[in-house]
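Read in order, the letters of the sequence shown correspond to residues 26 to 135 in this note's numbering. We put the CB at the ideal spot given by N, CA and C, even for glycine. Predicted, not measured: the structure shown is a model, and the values here were computed from it. Here the structure comes first, spelled out in structure tokens, and everything after it is commentary.
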Amino acid sequence: MDYKKTKAAQSTIPRNLDVLSNETGNIYETVMILAKRANQISSELKEELNQKLQEFASYTDNLEEIFENREQIEISKFYERLPKPTLIAFEELEEGQIYHRNPARESKQN
């Protein structure tokens, strides 16, 4: 997913708890699903950021270059302005884009 084009809120807003329990029937299970998805998103964003910053990496010990590398600063600021991974995960849940299953519950039904 392209997280740069997400419609998630930039800051925390009050949420309706009914939305959390609609999908699984259990608020706590839904929170765990959101936490796992937020961790996945965070890892993907961190990996992407590190790859972009490596393009501008300087392996010299010149202190002037370290403070003057505007490209790295702009890339870092862009990623800081993105919505937090938990907000992106919640937006995905509301839109029905998160696939989840509970093997323990499936084995009880069979």
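In chain order, A33, R40, L59 place their CB closer than 8 Å to the CB of F115, counting only its own chain and leaving out the 5 sequence neighbours on each side.
Around the beta carbon of T37, fewer than 16 other beta carbons lie within 10 angstroms, which makes this residue exposed. Look at K77 here: in three-state DSSP terms it is helix. In the three-state reduction of the DSSP assignment, K109 falls in the coil class. L45 sits away from T31, with the two beta carbons spaced by 8 Å or more. Nearest Cα to N94 within the set E120, M57, L78, N51: L78.
Less than 8 Å separates the beta-carbon of L118 from that of E48.
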